[in-house]
Structures are given as structure tokens and as C-alpha cells.
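Working notes for the structure below.
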Amino acid sequence: MLTYITRRILYSIPVLILSTFLSFVFISYAGNPTALLRQNPHFSAVTLRLMIHQQHLDKPVVVRYWYWVESVFTQKLGVSLQTFQPIWPDLVRTGGHTLQVIVISEVLALILGVAVGIFSAIRQYSFFDYTFTTISFLGFAMPTFWLALLLQILFVDIYLKWNVRIFYTSGLNNPGKGAWSIDRLQHIALPVMTLCIISFALYSRYMRASMLDVINTDYVRTARAKGMSEWHVIMRHVFRNALIPIATIAALNFGALLGGAIVTETVFSLDGIGYYFIQKLQNLDLYAVMGYLLITAIAIIVFNLIADILYGYLDPRIRYD
Amino acid sequence: MTEPSVPIGGQIPVEQGASAAPSVAPPGLTDATVEAGLEIKVRSQWDYARRRFLRHRLAMAGLIGLIILFGAGIFANYIAPYSFEQIDLNNILSPPTFAHNHFFGTDEIGRDYFSRVIYGIRTSEEVGVFVAVLSTFIGLVLGAIAGFYGGWIDNLLMRFTDLVLTLPFLAILLTAAALLGEGSQWRVSFILAVLFWTGTARVVRGIFLSLREKEYVEAAKAAGAGDMRIMFRHILPNTLGPVVVSGTLAVATAILIEAALSFLGFGIKPPTPSLGVLVAGGETNPQQWWLTVFPGLTIVLIVLCVNFVGDGLRDALDPTQRRVRA
Chain A
172 MLTYITRRIL YSIPVLILST FLSFVFISYA GNPTALLRQN PHFSAVTLRL MIHQQHLDKP
232 VVVRYWYWVE SVFTQKLGVS LQTFQPIWPD LVRTGGHTLQ VIVISEVLAL ILGVAVGIFS
292 AIRQYSFFDY TFTTISFLGF AMPTFWLALL LQILFVDIYL KWNVRIFYTS GLNNPGKGAW
352 SIDRLQHIAL PVMTLCIISF ALYSRYMRAS MLDVINTDYV RTARAKGMSE WHVIMRHVFR
412 NALIPIATIA ALNFGALLGG AIVTETVFSL DGIGYYFIQK LQNLDLYAVM GYLLITAIAI
472 IVFNLIADIL YGYLDPRIRY D
Chain B
272 MTEPSVPIGG QIPVEQGASA APSVAPPGLT DATVEAGLEI KVRSQWDYAR RRFLRHRLAM
332 AGLIGLIILF GAGIFANYIA PYSFEQIDLN NILSPPTFAH NHFFGTDEIG RDYFSRVIYG
392 IRTSEEVGVF VAVLSTFIGL VLGAIAGFYG GWIDNLLMRF TDLVLTLPFL AILLTAAALL
452 GEGSQWRVSF ILAVLFWTGT ARVVRGIFLS LREKEYVEAA KAAGAGDMRI MFRHILPNTL
512 GPVVVSGTLA VATAILIEAA LSFLGFGIKP PTPSLGVLVA GGETNPQQWW LTVFPGLTIV
572 LIVLCVNFVG DGLRDALDPT QRRVRA
């Protein structure tokens, strides 16, 4: 197992290098990287030239990439070309907000999705099953940004009509309120709801299919034949085995979401890591965008690995050499 | 050149007894059996597949819905009451009404949203179909080569698909769109297709890997068929089922992702009407619900229909599950 993990980690290093290099070249050629510096009214011609030199923007792309790699290790990803603030603290702050939102929404979606999946499978083709099948099909077909906008419109209307503030529709906090307050919950409720509905559609569907797979196996028939109560059959034999694929899907989904629910955060102007990325990308802020891409690529690779390890651990039939 | 005893291209050879079903009379169907009323109707695999599809109610509903929606997009010039940039200054931000044919209302400079949505469908279907066709084609060719020859081509391909799978997909797309964007739907479709083909390639490669050792391939080789002929005439038809399904579903995914890109401002840019751009127009006017609801609802309907058709095709083309008694 340890050799397997080591091999996977070693193998992901060239992947990271290649993907960051490609993105680096892409963004460098997407626009003039010195444009951001030239916009800054505080820079005289001399400072400008100095800055361009300091940020290695006068070097060829390949050399510049090398300097960037160096800065990843020595200066924690370097500084933003727009604000000259260090990138790392920004990523930590916005990443924390994203983490708060996606942990809450994923836990909710998992609990609801698994519960609904179980009942849909036990009562296959019932009214309950059809209702939630319809809901999850809608969930698959719905663009995230549209769902987010609908929720936003709904709660703006509620506020304007009856003057009650249930949930806020943008931002993160009112002034003077902390990260673990009712005020924060009111702010992140709508992004959480959006992500939760989308993920719920996925989990409930997979859970149902997985339950149905297990229900039709021989050992479940045996369990029933020896007179076990239906409750025990479902909870002990079916449910626990049906969870295996869900665990890996949840891990993969979580890794992908760590890159920030870019669309959702943008709609709700939530100070998350995805929103940070979009803003920096719009300005072609080379080093900030690269910092984000590196962090999220690592997150995805790590969670892919976790998903695979989890799968091998939960299902002893799978062996990694 | 003729090869005996190999399935004819265009069919899905599976279980025995149902595989060879050419248009000529099968052996055993002599005049005597016909006269005795013992004639059996010969159906090809495609007949079975078609029957299964036609009996799939959701898939048929999806197909009809798609024909209506995509038809509206194709004939947008004839259906839309206004052009997509025509300005009606007398009816600015008008709610949906039949009075001036503003069925979906108008935006802040009086453009008719019903017309804009219909032209938006046209853009979306262009993107969806283009991405599906191009990515399926690339995936088919590369998957076939990798699966058939193996070796370093296979290795390279699989490493590349790994690379695409381990990247933050939307982030890479956004970055690529920032570079190549320019707002034309063809550029956007091209970027999507380049990132989409890996799924198809994997599926095709898998099937090629398992089939290249089969006896009928050996037989074809013995009969003197070249690599190209074996690949495209003998093995490729077996991949058509899964490939058609993944191609269909790619239309839906492409439309959804294009809408998201355009919404964020990295995809198709105005004045080209795209459904994502239209929803973004609704975002700036949250009080005018119709500007958000109708374009979004259209996306949902298109994707829903495509998904239903895709599911129906999967049931119809996957010969391991035969539910229709025929």
C-alpha cells in the first residue's frame, strides 16, 4: 500500500509540472503581462521598468516559468501583479471561506442523498421514487448559475415585498460579525443551498443505483432466506455495501469543489477561492492565477488518491500492488 | 474483396443467432417454409435497437422535445417575431405579454427576449453538436489507434487523458477561453472539443483492446485484410453503441458548460445571443424575473431532452439488456 501511494505521488509530479507549464504559457500569451503594471498610476517610467525586471516579465516565457517555480518554494507563490500583495495569505483566507461553504453543503447533500437513495431503492417505482428521480434529473439538467440566480431573485423579492431578511444574497458578513455567527450562516445559506441541491441530485441517484445493485446479489438473497428481518437485511447487508461507491464519488466531488464553486461564488459575490480566481483571471494577473491553479490541481490530485485508497480499504476485493 | 463469416459493418454483432442478419434471405428460408406459413421475420440488430428506442417513452418524449427546440433554433429567422438585436423603445423592460408578441418580455433597451432566446438556442445547438461531433471523431480515431496498436501511442494517450482528468476542469477551460476566446462560438466549441474527447477515447480504446484478440479479427487477418480495414470495418462497429451514447450526452454537457462560460464572460460574447449571455443579462436586472427565468428554463429543457434521448439510446444500443420481446 505504501509503495502504491508513493508511486502515485511521484507520478503526479510530472503531471503537475506539465499542467502548470501549459497554463503558464497560456496565460502569458493571453495578453500583455506588463499591461497590469502600466495601468498603475503610481509608477513612473523608471519604477515601471524596475518592476517589470523584478517580476521577470522581460524574460522569455520558459525562463519566467523557472523563476515562478523558484518563487513557489522560496516566496510562497510570489506577489500579485495587480496589488503587489503576497498571494499565499489571500489564498488561505478565501480558501477558508470556500471550505466552510462546501463542507456544510457536502455533508448535508450526503446525508439527504443517501437517505433518499435508500428509500427510492427499497420502494422502487413508488411515488416517492418517481418524485426524487424527477428532482435529480432536473438537478442534472440545471445550470448552477441559473439555480443560484433563481434563489437570489426569490430572496431579494421576499426582502423587498415583506421587508424580512431571511438570507442575504451576496457577500460574506455584515461589519463586525465573525466567521461562526448567525450572520455568517444567513450569508452563506444560499450558496450552500445551491451546491447542496446539485450534489444531492448526484448522490441520491448513485445511492439508488448502488442499492439496487446490492439488493440483487446472492448474499442478500441468502440473508433473506435464512429469515433475517428486512430491516436487518437492508441496514447490515445492503446499506453498508452500497456506501462503497458513494464514498469514492464524494471524495472526488469534494476535491473538485475545493477549487471553489467558481460559478456559485461569483453569483453570490462570496469571497471564496473560486471568486478570487475569476477576478484575477479577468485581469490576467499571471502569478495569482498560477498560484490558484497549482493549489487546486494539488487538491484534485490528493482527493483522487484518497478516493482510490478509500475504495481499496472499503472493498478488500480491490488490491493495489 | 470478400470475407466470409465476419459480421458486416454497421451491425453490432453480439449473441449468437441474432448476429448475422443481412438483407438477403437467410439460410433455411426456402420457398417451402414460406408457403407453410413458417416464415420468420428477419430483424437486424439495428431493428431491435430501433424498436427498443421507440418503446422507450421518456426517450421519445425527449426526442420530440428536442426536435421542437432545435427546430425553433434552426428556423429562428422564420419563427422569431423580432430580430435578436431589434430595439422596441416603446416597451422597455416589459413583462411577458401577448400584446406586442413579447412572450418572454423585453430587456432594458427593449429587445424582445423571446426572439433572443430562440436565436440563443441556435447558438447553443451549434456549440453542442459541433463539440459532440468533433470530440467523438477525435476520440474514435485516437482511441482506435491506441487500443489497436498499444505501445507508446497507447501510453501517451492514457497519460494525456490522466492529465486532463486531474486538472481543475473549469479553471483550465476559463484559462483557455481567456487566451483563445474572442467570443466566437466556434472558438469556444473548439476549446471544449479539445478537452472533451478523452472520455470517448478511453471507451473506444477499451473495446479495441478486448476485441483485437478475437477469432473473427484473426479470421479477417488470415483473409488478408489490412490494419485499416480490420480497425474501421471489423472492430469499429462494435464501439458504435457506447460512442453514440457518449456523443449524445456530450451535446448536453457542452451546452451546459458553454452557458456557464458565457455567463462568466469567458465564452461567447455579445452581440452573439447565447443562452448563458442572456441569463447574465437577467443578473443585472434582478427585479425583472423573466430575463433570468426564460433563458435558463430553455437550457434546462434542452439538457433534459438530450439526457432522456441519451438514456433511451443506452437502453436501446446496449444489447446485453433486452427487455423488449421481439
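As given, the protein sequences belong to chains A and B, one line each in that order.
This note's numbering puts the first residue of the first sequence at 172, with every later residue one more than the last.
This note's numbering puts the first residue of the second sequence at 272, with every later residue one more than the last.
All C-beta atoms in this analysis are idealised placements derived from N, C-alpha and C, irrespective of residue type, glycine included.
Ranges of the alpha helix (DSSP H) found wholly within the segment 298-339 of chain A, counting only runs of at least 4: 298-312, 315-333
Contacts of Tyr200/A in chain B (Cβ-Cβ under 8 Å): In chain order: Leu450.
According to DSSP, residues forming a beta bridge with Asp383/B: Thr377/B
Residues within the segment 557-588 of chain B neighbouring chain A, beta-carbon criterion of under 7 Å: Pro557, Trp560, Thr563, Gly567, Ile570, Val571, Val574, Leu575, Asn578
Where Leu488/A falls, given that 16 or more other Cβ within 10 Å makes a residue buried: Note on residue identity: the sequence assigns Arg, not Leu, to residue 488/A. Here Arg488/A is exposed. Its C-beta has fewer than 16 other C-beta atoms within 10 Å.
DSSP three-state assignment for Leu588/B, whether helix, strand or coil: helix
Selected residue, minimal CA-CA separation from Trp237/A, among Leu262/A, Thr365/A, Phe195/A, His213/A: The residue among Leu262/A, Thr365/A, Phe195/A, His213/A with its C-alpha nearest the C-alpha of Trp237/A is Phe195/A.
Short Cβ contact (8 Å threshold) for Gly547/B with Leu568/B: no
Under 7 Å from the C-beta of Gly434/B: neighbouring residues of chain A: First, the amino acid is wrong: residue 434/B is Leu here, not Gly. Scanning chain A for C-beta atoms nearer than 7 Å to the C-beta of Leu434/B yields Val186, Leu189, Ser190, reported in chain order.
Members of the segment 537-549 of chain B near chain A, C-beta cut-off 7 Å: none
Neighbour list for Leu323/A in chain B, Cβ cutoff strictly below 7 Å: The sequence as given places Gln at residue 323/A; Leu does not occur at that position. Ordered by position in chain B, the residues that pass the 7 Å Cβ test against Gln323/A are Pro557.
Closer than 8 Å to chain B by CB, Pro314/A: yes
Inter-residue Cα distance where the pair is Ser215/A and Arg235/A: 24 Å
Under 9 Å from the C-beta of Glu554/B: neighbouring residues of chain A: Phe316, Leu320, Gln323, Val438
Given Ala427/A as reference, the closest of Leu414/A, Ile444/A, Asn454/A, Ile415/A once Cα atoms are compared: Checked all of Leu414/A, Ile444/A, Asn454/A, Ile415/A; the closest Cα to Ala427/A is Ile444/A.
Residue-chain proximity (Phe467/B, chain A), Cβ-Cβ < 8 Å: no
As assigned by DSSP and simplified to three states, the class of Val313/B: coil
Beta-carbon spacing of Gly414/B, Arg500/B below 8 Å: No. Outside cutoff.
Ala312/A to Phe410/A span [Cα, whole Å]: 28 Å
Reduced DSSP secondary structure (H/G/I, E/B, other) of Asp582/B: If DSSP states are grouped into helix, strand and coil, Asp582/B belongs with the helices.
C-alpha gap between Val313/B and Phe324/B, whole angstroms: 18 Å
Closer than 9 Å at the beta carbon, the chain B residues around Val434/A: Leu441, Ala531, Phe534, Leu535
Contact between the segment 494-512 of chain B and the segment 549-566 of chain B (3+ Cβ pairs under 8 Å): no
Pro541/B in three-state terms, based on DSSP: coil
Under the three-state DSSP convention, the category Val295/B falls into: Low confidence applies to Val295/B: its pLDDT is 49, below 50, so where it sits in the model is not reliable enough to give any reading.
Rounded Cβ spacing between Gln271/A and Leu252/A (contact assumed at less than 8 Å): Gln271/A to Leu252/A, Cβ: 29 Å. No contact.
Chain-ordered neighbours of Val327/A on chain B, where CB pairs are closer than 7 Å: Per Cβ cutoff of 7 Å: Pro557.
Given 8 Å, three or more beta-carbon pairs between the segment 396-416 of chain A and the segment 431-441 of chain A: no
Separation of Phe425/A from Ile469/A, as counted between CA atoms: 13 Å
Validate contact between the segment 341-358 of chain B and the segment 373-387 of chain B using beta carbons, cut 8 Å, 3 pairs: Yes, the segment 341-358 of chain B touches the segment 373-387 of chain B.
Rounded C-alpha distance that separates Gly483/A from Val580/B: 35 Å
3 or more residues per run - each beta strand (DSSP E) lying fully within the segment 392-460 of chain B: none
Residue(s) in a DSSP beta bridge with Ile420/A: DSSP, once it has assigned bridges, lists no residue as partnering Ile420/A.
Close Cβ partners of Gly357/B (< 8 Å) along its chain, the five nearest in sequence each way excluded: First, the amino acid is wrong: residue 357/B is Gln here, not Gly. Same-chain partners within the cutoff: Arg382, Asp383, Ser386.
Chain-ordered residues of the segment 352-367 of chain B with a beta carbon less than 8 Å from chain A: none
Those residues which DSSP pairs with Pro513/B across a bridge: Beta-bridge pairing links Pro513/B to no other residue.
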